[in-house]
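Chains as they are written, first to last, in our numbering: chain A, 10 to 89; chain B, 678 to 904.
All residues carry an ideal CB built from backbone N, CA and C; glycine is no exception.
Heads up: the structure comes next, in structure tokens.
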């Protein structure tokens, strides 16, 4: 089954790319933006049909490789 | 004295490091990332470059490569390990030194000479060094050192900050900080001071006519300290 993981920067970590995107949006006329934070999205097809086991597996991947827990948080989304 | 330089796919300062170590008297071996065993070594160097194309996060893939199990064991048993630039990124990703290296604050790749202040000489890397400020070269996109407040307190309490970005007189301030690093940190140690990660490249400063010789001073001193 497919499981997705969203990796986002923690609140206190500076995100210069997000800041530039925010400023660019501002310049394009999107003036109602408070803040932009850029992250990563992974769609992982695992050989596992049990949703709980599949999510646990991807969570383990997040902890060990996909996210760096010093600066990033992860969120697992069951997609299929 | 024996050294080993690990080559990852995408390393590009591995041969420069080999030239530098050999020039100052190390018997150096090149080790491929897919090897499992390290040759007998007094010093392991993780060189600069763009291992695995900087995919995911700089150094994250290389930190999981086969040879890194041996490097981590070597470091944990007290062996000397030095990571330069991408090697520093691999060290933080492998957990051998605390913190992370974020994208440079102003989103630019920086390639220039910088001065660094050697803060802590109570370790094998900098012991007996007779200069306090060295001129090294930096070339990186992700050198902005970051750690949590708790980690910062811990590394300060344990004197783990190895070098700071500074001006030629050794003053550290925001103006001289090239990449936004917390406290101008350019390099740090692990708690036991046998692992050093730093963004600047000493191996690029070993030729009198090309670069100045602060790298030569560093390597000669390091060799004497290991002997």
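Inter-residue Cα distance where the pair is residue 826 of chain B and residue 776 of chain B
10 Å
Answer with buried or exposed for residue 755 of chain B, where buried requires no fewer than 16 other C-beta atoms within 10 angstroms of its C-beta.
exposed
Go through its chain and collect everything with a Cβ distance to residue 53 of chain A's Cβ below 6 Å, but skip five positions before and after it.
12, 67
Measuring alpha carbon to alpha carbon, tell me which residue in B:798, B:787, B:813 is nearest residue 807 of chain B.
B:798
Closest to residue 28 of chain A by C-alpha separation, out of A:16, A:42, A:38, A:15, would be which residue?
A:42
Are three or more beta carbon pairs between the region 757-765 of chain B and the region 711-731 of chain B nearer than 8 Å?
yes
Provide the residue span of the beta strand (DSSP E) that contains residue 681 of chain B, from first to last.
679-684
Exposed unless 16 or more other CB atoms sit within 10 angstroms - verdict on residue 792 of chain B:
buried
Within 7 Å of any Cβ in chain B, is that where the Cβ of residue 80 of chain A sits?
yes
Applying the 10 Å Cβ sphere with the 16-neighbour rule, what's the burial state of residue 783 of chain B?
exposed
May I ask you to report which of helix, strand or coil DSSP gives residue 751 of chain B?
helix
Excluding the five sequence neighbours on either side, which residues of its own chain have a C-beta within less than 6 Å of the C-beta of residue 84 of chain A, listed in chain order?
15
Mind checking whether residue 705 of chain B and residue 695 of chain B have CB atoms under 7 Å apart?
yes
Residues of the region 36-49 of chain A with Cβ closer than 9 Å to any Cβ of chain B, in chain order:
49
For residue 802 of chain B, is the classification buried or exposed, using 16 other Cβ atoms within 10 angstroms of its Cβ as the cut-off for buried?
buried
Return no unless some Cβ of chain A is closer than 7 Å to the Cβ of residue 784 of chain B.
yes
Per the DSSP calculation, residue 762 of chain B is bridged to which residue(s)?
None, per the DSSP bridge assignment.
Nearest-angstrom Cα distance between residue 858 of chain B and residue 780 of chain B?
10 Å
Which partner residues of residue 841 of chain B appear in the DSSP bridge assignment?
B:794, B:862
Just the Cα atoms here: how many angstroms apart are residue 711 of chain B and residue 34 of chain A?
45 Å
Please report the distance separating the alpha-carbon of residue 86 of chain A from that of residue 60 of chain A.
10 Å
Endpoints, the beta strand (DSSP E) within which residue 874 of chain B is located:
872-875
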